[in-house]
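Comments concern the structure below.
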Amino acid sequence: MGRLRRSRVHKGIRDIQRKYRTKRYMRDIDQIHGDIQPENAHKFEKPELDPELPGQGQFYCIPCAKHYINKESLEEHQKGKIHKKRVKLLKDAPYSQAEADAAAGLQKADTKPKKKEVAMDTAEA
1 MGRLRRSRVH
11 KGIRDIQRKY
21 RTKRYMRDID
31 QIHGDIQPEN
41 AHKFEKPELD
51 PELPGQGQFY
61 CIPCAKHYIN
71 KESLEEHQKG
81 KIHKKRVKLL
91 KDAPYSQAEA
101 DAAAGLQKAD
111 TKPKKKEVAM
121 DTAEA
């Protein structure tokens with residue numbers, strides 16, 4: 001009988017899994033809802049040039065919270081499934097503290113999920 005291979009070869013690489021989890025982290029939906037409010041809209045209308053960001057920070061997708069290197073790649077992203085999914089998630093209002101308390105049984109549940117109309121550029125062709 002030949003030698004047996006050691007099992008569970010890659011299960012113990014916890015630090016690598018954490019590294020990629022933080023590397024691929026995207027901003028949460030409630031944080032993006034704060035970005036699209038009228039009082040915060042001025043930050044994204046005319047951004048400053050930043051040489052450390054892709055495309056010097058000029059091509060930014062607000063619903064996905066990502067920078068792109070040029071206008072063509074941003075437009076291509078806006079046609080894709082991931083962007084459309086994020087836009088659909090942003091149409092719902094984020095959960096409030098009152099809804100969290102109602103779910104925990106601390107108060108009467110009189111809140112319903114509310115649809116919120118958000119004016120965004122959705123590249124629909």
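Per full-length UniProt numbering: the sequence shown = residues 1 to 125. Where a beta carbon is used, it is the ideal one built from N, C-alpha and C, also for glycine.
- Here DSSP, grouped into helix, strand and coil, assigns His67 to strand.
- For Pro94, same chain residues with a beta-carbon under 8 Å away, outside a window of 5 residues either side, are Ile29, Asp30 and His33 in chain order.
- In this structure, DSSP gives Asp92 an extended state, which the three-state scheme calls strand.
- The secondary-structure analysis by DSSP pairs Phe59 across a beta bridge with Tyr68.
- Taken through DSSP and simplified to helix, strand or coil, Pro54 comes out as helix.
- Separation of Ile13 and Gln56 (C-alpha to C-alpha, rounded to the nearest whole angstrom) is 35 Å.
- Between Lys71 and the set Met120, Gln58 and Phe44, the nearest pair of CA atoms involves Gln58.
- The residue among Lys46, Leu106 and Cys64 with its C-alpha nearest the C-alpha of Tyr25 is Cys64.
- Annotation: Ala119 to Thr22 spans about 30 Å, alpha carbon to alpha carbon.
- In the structure shown, Ser73 adopts helical secondary structure according to DSSP, grouped into three states.
- At a Cβ-Cβ threshold of 7 Å, Ile69 and Pro47 do not count as neighbours.
- Note on Leu106: under 16 other CB atoms within 10 angstroms of its CB, so exposed under the neighbour-count rule.
- Taking every protein chain shown into account, the CB of His83 has 16 or more other CB atoms within 10 angstroms, so this residue is buried.
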